[in-house]
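Per my numbering, the very first residue in the sequence shown carries number 7; after that it's consecutive.
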Amino acid sequence: MARSTTAADARGPQIASALETLADALSTLTDPQWEAESLCEGWSTKVAVAHLAWRVGSPTSRLATDVARATVAGRHLNPMASFDGIARERAAAASGPDLVGELRLIAADKRAGRGRTNPGELFEVVVHGYDAAHPSGLRVPFAATATHAVGRQAASLAAPRVRFALRTRTMLAGDDGWSVGRGPVIEGTAESVILYLTGRRSPKVGRRRVLAPLPPGAPHPGIV
Numbered sequence: 007m008a009r010s011t012t013a014a015d016a017r018g019p020q021i022a023s024a025l026e027t028l029a030d031a032l033s034t035l036t037d038p039q040w041e042a043e044s045l046c047e048g049w050s051t052k053v054a055v056a057h058l059a060w061r062v063g064s065p066t067s068r069l070a071t072d073v074a075r076a077t078v079a080g081r082h083l084n085p086m087a088s089f090d091g092i093a094r095e096r097a098a099a100a101s102g103p104d105l106v107g108e109l110r111l112i113a114a115d116k117r118a119g120r121g122r123t124n125p126g127e128l129f130e131v132v133v134h135g136y137d138a139a140h141p142s143g144l145r146v147p148f149a150a151t152a153t154h155a156v157g158r159q160a161a162s163l164a165a166p167r168v169r170f171a172l173r174t175r176t177m178l179a180g181d182d183g184w185s186v187g188r189g190p191v192i193e194g195t196a197e198s199v200i201l202y203l204t205g206r207r208s209p210k211v212g213r214r215r216v217l218a219p220l221p222p223g224a225p226h227p228g229i230v
């Protein structure tokens with residue numbers, strides 16, 4: 007009897023498709039765009055993508071070893087400082103096209119069922135994909151099923167102020183046909199809703215401000 011397909015079986019191809027979609031979008035970036043600031047404060051687009059490739063492409067044992075090495079080398083007490091050092095080191099050793107190629111190789115592994123395929127991996131790909139692409143105005147057409155899954159996870163992990171807003175407002179991703187929250191509707195794109203739920207802030211203003219949902223077709227990201 008054939009084995010039934012599980013959610014984990016389906017996630018591998020879903021993560022692979024998200025990585026391939028992101029790689030296709032990033033392949034259009036110019037050198038200045040790779041060096042532009044991402045939505046990850048202090049990181050360029052290139053550093054953000056280098057972090058993503060390391061985070062979703064490395065075996066769990068390698069992640070632990072790399073963090074331990076960076077912690078000792080940098081004498082960090084905060085693991086986030088180790089993540090920063092690893093991302094910058096990897097970005098310095100690779101070109102933008104190199105990183106795009108790495109994402110494609112990771113996608114092939116995920117599609118074949120190799121490596122981690124838990125919900126957190128899809129979350130990393132979509133959120134950090136938006137982090138890298140958004141400031142350059144690059145749209146990444148992730149599948150609606152992927153953005154919906156990430157949107158629901160982002161809502162459950164959101165900061166208190168966002169969770170409070172979701173008790174009285176519905177955030178509708180009009181382009182992808184899903185929503186989170188309850189109450190009167192605020193329509194945005196899947197990208198803008200996810201960026202709001204994850205508390206991302208615009209790097210292009212003097213005071214970094216939270217990105218807000220903006221309707222499909224709007225030319226610029228919203229700010230509140």
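Backbone N, C-alpha and C fix where the C-beta goes; we use that ideal spot for every residue, glycine too.
Bear in mind that the values here come from a model prediction, so they are computed numbers and not experimental data.
Compare the C-alpha of glutamate 95 against each of Ser23, Ala114, Arg120 and Val53 and name the closest. One-based indexing of the sequence shown puts residue 95 at position 89. Closest by alpha carbon: Val53.
For serine 162, which option in Asp90, Ala138, Thr204 and Pro141 has the closest C-alpha, if you only look at C-alpha atoms? Your numbering for residue 162 matches position 156 in the sequence shown. Distance check between serine 162 and each of Asp90, Ala138, Thr204 and Pro141 places Thr204 closest, using alpha-carbon atoms only.
Quick check: the Cα distance between arginine 122 and proline 65, rounded to an integer number of angstroms? Position 116 of the sequence shown, counting from 1, holds the residue named residue 122. Position 59 of the sequence shown, counting from 1, holds the residue named residue 65. It is roughly 8 Å from the alpha-carbon of arginine 122 to the alpha-carbon of proline 65.
Are valine 156 and valine 133 closer than 8 Å when you measure CB to CB? The residue you call residue 156 lines up with position 150 of the sequence shown. The residue you call residue 133 lines up with position 127 of the sequence shown. Less than 8 Å separates the beta-carbon of valine 156 from that of valine 133.
Taking all protein chains shown into account, decide if proline 141 is buried (16 or more other Cβ within 10 angstroms of its Cβ) or exposed. Residue numbering aside, residue 141 sits at position 135 when the sequence shown is read from its first letter. Buried, by the Cβ-count rule.
Coil, strand or helix - leucine 35 by DSSP: Position 29 of the sequence shown, counted from the start, is the residue given in the question as residue 35. Residue state, collapsed to three classes: coil.
Please report the residue range of the alpha helix (DSSP H) in which tryptophan 60 lies. Counting from one through the sequence shown, the residue named residue 60 turns up at place 54. 51-63 is the extent of the alpha helix (DSSP H) around tryptophan 60.
Length of the line joining the Cα atoms of aspartate 104 and leucine 172: Counted from its first residue, the sequence shown places residue 104 at position 98. Counted from its first residue, the sequence shown places residue 172 at position 166. If you draw a straight line from the Cα of aspartate 104 to the Cα of leucine 172, it comes to about 40 Å.
Can the beta-carbon of alanine 164 be found closer than 8 Å to that of alanine 100? In the sequence shown, the residue the question calls residue 164 occupies position 158. In the sequence shown, the residue the question calls residue 100 occupies position 94. Not closer than 8 Å, so no.
To the nearest angstrom, report how far apart asparagine 124 and valine 191 are at their CA atoms. For this step, residue 124 is matched to residue 118 along the sequence shown. For this step, residue 191 is matched to residue 185 along the sequence shown. For asparagine 124 and valine 191, the distance between alpha carbons rounds to 31 Å.
I'd like to confirm the pairing. Which residues does DSSP put opposite methionine 86 in its beta bridges? Counted from its first residue, the sequence shown places residue 86 at position 80. Per DSSP, none; premise fails for methionine 86.
State yes or no: is the C-beta of lysine 116 within less than 8 Å of the C-beta of leucine 178? Position 110 of the sequence shown, counted from the start, is the residue given in the question as residue 116. Position 172 of the sequence shown, counted from the start, is the residue given in the question as residue 178. Between lysine 116 and leucine 178, the CB-CB gap reaches or exceeds 8 Å.
Which residues bound the beta strand (DSSP E) around glycine 194? In the sequence shown, counting from the first residue as 1, residue 194 sits at position 188. Where glycine 194 is concerned, the enclosing beta strand (DSSP E) stretches over 191-194.
Keeping to the same chain, check which residues put their C-beta closer than 6 Å to that of tryptophan 40; ignore five residues upstream and five downstream. As a position in the sequence shown, residue 40 is number 34, starting the count at 1. Taken in chain order, the residues that qualify are Thr51, Lys52 and Gly102.
Beta carbon of alanine 309 nearer than 8 Å to that of leucine 109: The structure shown does not extend to residue 309, since the chain spans only 7 to 230, so no value can be given for it.
Three-state secondary structure assigned by DSSP to valine 156: For the purposes of this step, residue 156 is identified with residue 150 of the sequence shown, where counting begins at 1. Three-state DSSP puts valine 156 in a helix.
If you drop the 5 nearest sequence neighbours on each side, which residues of the same chain put their C-beta closer than 6 Å to that of alanine 232? Past the edges of the chain, shown from 7 to 230, lies residue 232, and the structure says nothing about it.
Alpha carbon to alpha carbon, what distance is there between alanine 29 and methionine 7? Position 1 of the sequence shown, counting from 1, holds the residue named residue 7. Position 23 of the sequence shown, counting from 1, holds the residue named residue 29. Caution is warranted here: a pLDDT of 45 is assigned to methionine 7, below 50, making its placement in the model unreliable, and the coordinate value is therefore given only provisionally. One C-alpha to the other measures close to 37 Å.
Please say whether arginine 175 and glycine 187 have beta carbons closer to each other than 8 Å? In the sequence shown, counting from the first residue as 1, residue 187 sits at position 181. In the sequence shown, counting from the first residue as 1, residue 175 sits at position 169. Using a Cβ distance threshold of 8 Å, glycine 187 and arginine 175 count as a contacting pair.
Can you give me the C-alpha to C-alpha distance between leucine 201 and arginine 169, rounded to a whole angstrom? Walking along the sequence shown from the start, residue 201 turns up at place 195. Walking along the sequence shown from the start, residue 169 turns up at place 163. If I take the Cα positions, the gap works out to 14 Å.
How far does the alpha helix (DSSP H) with alanine 179 in it extend, from its first residue to its last? The residue you call residue 179 lines up with position 173 of the sequence shown. Premise fails: alanine 179 lies in the beta strand (DSSP E), 176-179, not in any alpha helix (DSSP H).
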